[in-house]
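Inspection log for the structure reproduced underneath, given as structure tokens.
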Amino acid sequence: MNEMTQKIRDFVVENFLFGNNNGLKNDTSFLDEGVIDSTGILELVNFLEEEFEITVDDEELIPENLDSIDNVVTYLQRKVDA
Amino acid sequence: MVGPNMRSKKATLIHHFLETSAHSYPDKTAIIYDQVRASYSEINKSADQLAGWLIRAGIELGDRVVLIMDNCLEYIVGYYGALKSGAVVASLSSDLKPDGLVPMLRELEPKIIISSWKFERLLQATHLEVSEETALLLKSPKLDWSDFHFDTYSWEDALKGEEEFHEAEALDESALASIIYTSGSTGKPKGVMLTHKNIVSNTYAICEYLKLTDKDIQMVVLPFFYVMGKSLLNTHFAVGGTVVINNKFAFPTSVVKQIVEEGVTGFSGVPATYAYLLHRSPLKKYQEKLGRLRYCSQAGGHMSRQIKRELREALPAHTEIYIMYGATEASARLTYLQPDRLMDKIDSIGKPIPGVTMKVLDNNGVEVAPGRKGELVGYGPNIMQGYWRDEEATSRVLRKNGYYTGDLGYQDTDGYLYVYGRKDSLVKVGGHRINPQEIEDALMATGLVTENLVAGVPDELLENRLVLIAVLKNSDCQEVEILRECAKRLPKYKLPTQVKLVRALPKNSNGKVDRAACLRLVGL
């Protein structure tokens with residue numbers, strides 16, 4: 039697991055799963071599986087912006103970019119490379 | 003054969019809303035949630051089965067049933083089913099952490115907790131340190147519960163039972179129906195006790211002024227555990243309308259699209275909902291597609307003029323905007339502003355809803371003249387019975403004139419009411435008493451920010467100094483520019499001395515701005 043994936047995973051487990059990562063896979067949908075609610079997505083966005091020094095545009099607030107660890111990593115890599 | 007409990011008479015208990023609509027519109031779609039479509043008769047049947055199970059499990063009149071679920075079909079079945087059984091339903095925030103949940107469970111002493119696999123981690127983390135009699139009813143559990151000492155049942159099994167059950171004869175409109183915890187900005191959360199009559203009367207009053215009918219389709223993005231979300235559910239079930247549940251407000255484009263696809267007629271939100279919709283969704287681009295959207299309603303706190311005007315511009319001309327005011331302690335609603343007065347009474351919260359009276363009282367409980375400020379006090383059949391197991395807090399707000407809202411306001415000569423600010427949120431800065439809301443509104447009027455919060459933080463010289471936490475509309479705007487624009491609108495002593503820029507203001511699970519979390523975010 040690369041460093042980026044681990045950082046996101048740690049953030050999600052620590053902030054939303056009370057440290058119990060039981061069953062959280064990298065492709066688990068945050069909203070459908072109840073890992074993060076709507077408010078939590080914004081917290082995640084804040085975290086990504088600060089930690090990785092990127093800006094998440096309004097049009098990028100879609101499940102394809104932000105609704106699982108895998109989606110976030112793919113999206114982040116695209117942003118960081120750009 | 004025993005059929006489901008249905009009735010043709012007007013409702014006197016909350017679950018009668020479901021029963022009368024199951025009688026009048028059995029096959030009509032009551033709930034749309036992703037791919038799920040459920041009719042009134044299906045929901046009523048499941049609620050009957052659940053009520054039967056709860057009674058067999060030992061639920062008696064007045065016992066507490068705790069509901070921890072996000073918005074979904076099972077929440078609705080759980081809510082009406084538990085009410086049918088005679089229980090008092092306490093729906094708790096799905097956003098609670100173990101530290102917040104444990105004290106609530108201790109004081110509620112619930113007999114049953116209804117929840118789902120989504121909250122298993124939370125429930126296990128609390129170790130359910132509550133009375134030994136508490137049992138857990140779980141929808142699709144995924145974790146292992148064998149190490150825990152209390153009984154765990156499956157929702158799916160509970161709903162296999164017979165629909166027959168006997169509603170307790172003693173269950174009447176004066177019975178306690180609901181305990182809703184307030185999102186109070188200070189102190190510990192308080193459990194607001196509402197009877198069937200409180201909620202039924204308020205529901206009918208809301209249906210009347212919003213002119214709701216069975217043709218109405220309401221989009222719900224607010225949680226049902228919040229009093230406003232609950233009121234959206236009850237009002238639409240009262241008229242036989244349809245409720246569209248959308249839990250993806252974090253992705254606002256999906257919400258706007260679904261409004262169009264499902265032909266939604268009503269949308270409701272708190273101020274932050276509209277700030278977010280206006281600035282982070284393609285609402286304006288969809289204007290021509292919103293032909294069926296009859297109205298938008300807003301409650302849950304003060305919304306700035308700027309947002310009201312932007313919203314008026316973004317929505318089609320036929321979509322009415324209802325500004326409303328209320329409190330959990332009032333079962334939801336106290337006043338509303340007629341949509342045709344929105345522009346000429348733009349800062350007003352309107353007039354009392356049917357059956358409610360509002361007064362502006364001074365510190366001695368005497369009504370003040372129009373234009374003079376005092377505390378807003380509401381009276382009517384919707385006012386709560388008190389706070390759960392907290393007589394001291396109850397006696398502070400429930401007095402002979404009614405419910406003391408803690409909001410300062412006034413009435414104009416036409417009888418329209420205005421909220422000036424919270425009684426306990428005035429900030430003393432160097433001898434001046436300052437109302438943060440006034441500064442926040444001035445900031446919004448600059449058009450430079452999408453949302454902002456002004457707070458007083460302790461200061462050695464001034465007692466307090468004002469800090470502005472703001473979200474910029476354009477990221478290239480400078481702090482000095484904001485202060486310059488503020489200086490054009492406010493006297494010097496009302497200018498914030500420190501500006502902190504953030505990407506979004508933290509919200510609580512009701513969607514309202516969380517002041518404490520905002521201050522933490524900027525390290526204050």
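Protein chains in written order, with my numbering: chain A, 39 to 120; chain B, 3 to 526.
A virtual CB, placed ideally from N, CA and C, is assigned to each residue, including glycine.
According to DSSP, simplified to helix, strand and coil, what is residue i?
i	result
B:Tyr297	strand
B:Phe150	coil
B:Gly423	strand
B:Gln439	helix
B:Arg374	coil
A:Asn84	helix
B:Ile351	strand
B:Met3	At B:Met3 the pLDDT is 34, less than 50, meaning the model places this residue with poor confidence and gives no usable figure here.
B:Leu94	coil
B:Gly231	helix
B:Arg517	helix
B:Ser26	helix
B:Ser203	helix
B:Gln413	strand
B:Lys523	Contrary to the premise, residue 523 of chain B reads as Leu rather than Lys in this sequence. B:Leu523 falls in the helix class under three-state DSSP.
B:Val104	helix
B:Gly380	strand
B:Thr275	helix
Suppose contacts are defined by Cβ-Cβ distances below 8 Å. Is residue i in contact with residue j by that definition?
i	j	result
B:Ala506	A:Asn84	yes
B:Pro383	B:Gly357	yes
A:Glu102	A:Thr93	no
B:Tyr278	B:Ala301	no
B:Leu107	B:Val68	yes
B:Leu445	B:Cys488	yes
B:Glu76	B:Trp147	no
B:Tyr526	B:Val459	As written in the sequence, residue 526 of chain B is Leu, which differs from the Tyr given in the question. Yes, they are a contact pair.
B:Thr330	B:Val223	no
B:Glu481	B:Leu503	yes
B:Pro2	B:Leu138	Since the first residue of chain B shown is 3 and the last is 526, residue 2 of chain B is not available in this structure.
B:Leu485	B:Leu468	no
B:Phe227	B:Leu94	yes
B:Val229	B:Ala334	yes
B:Ile181	B:Val90	yes
B:Val501	B:Val473	no
B:Arg296	B:Gly271	no
A:Phe54	A:Ile74	yes
B:Gly88	B:Ala170	yes
B:Glu135	B:Gly54	no
If you measure from the beta carbon of residue i to each beta carbon in chain A, is any gap under 8 Å?
i	result
B:Asp392	no
B:Thr528	Beyond the ends of chain B as shown, which are 3 and 526, falls residue 528 of chain B; an answer cannot be given.
B:Asp72	yes
B:Ala127	yes
B:Ala506	yes
B:Gly124	What sits at residue 124 of chain B in the sequence shown is Leu, not Gly. Chain A contact via Cβ: present.
B:Lys514	no
B:Lys310	no
B:Lys120	yes
Residue i CB to nearest chain B CB: under 8 Å?
i	result
A:Asn84	yes
A:Asn64	no
A:Leu114	no
A:Glu87	yes
A:Asn40	no
A:Phe56	yes
A:Asp75	yes
A:Ile92	no
A:Val51	no
A:Leu79	Before going on, a small fix: residue 79 of chain A reads as Ile here, not Leu. So yes, A:Ile79 belongs to the interface.
Below 7 Å, is the gap between the Cβ of residue i and the nearest heavy atom of the ligand NAD?
i	result
B:His151	In terms of ligand content, the structure shown is empty, and the ligand NAD therefore cannot be addressed.
Can you confirm whether residue i, when its beta carbon is compared against all beta carbons of chain E, has any partner nearer than 8 Å?
i	result
B:Leu139	Here chain E cannot be found, since the structure's protein chains are A and B.
What residues are listed by DSSP as bridge partners for residue i?
i	result
B:Arg467	B:Val459
B:His434	B:Val431
B:Phe19	Paired residue(s): none; B:Phe19 is not in a bridge.
B:Met221	B:Val246, B:Phe269
B:Arg58	Paired residues: none, contrary to the question.
The stretch 96-109 of chain A: which residues have C-beta closer than 9 Å to a C-beta of chain B, in chain order?
From the stretch 96-109 of chain A, only Asp96, Glu97, Leu99, Ile100, Pro101, Leu104, Asp105 have a Cβ closer than 9 Å to chain B.
Contacting positions in the stretch 85-100 of chain B - beta carbon closer than 9 Å to chain A:
The stretch 85-100 of chain B vs chain A, Cβ under 9 Å: Ser96, Asp97, Lys99, Pro100.
Listed in chain order, which residues of the stretch 239-255 of chain B have Cβ atoms closer than 9 Å to some Cβ of chain A?
Asn249, Lys250, Phe251, Ala252, Phe253, Pro254, Thr255
Chain A contacts from the stretch 253-285 of chain B (Cβ-Cβ distance under 8 Å):
Phe253, Pro254, Thr255, Ser256, His281, Arg282, Ser283
What are the residues of the stretch 143-157 of chain B that lie near chain A, defined by any Cβ-Cβ distance shorter than 9 Å?
Lys144, Leu145
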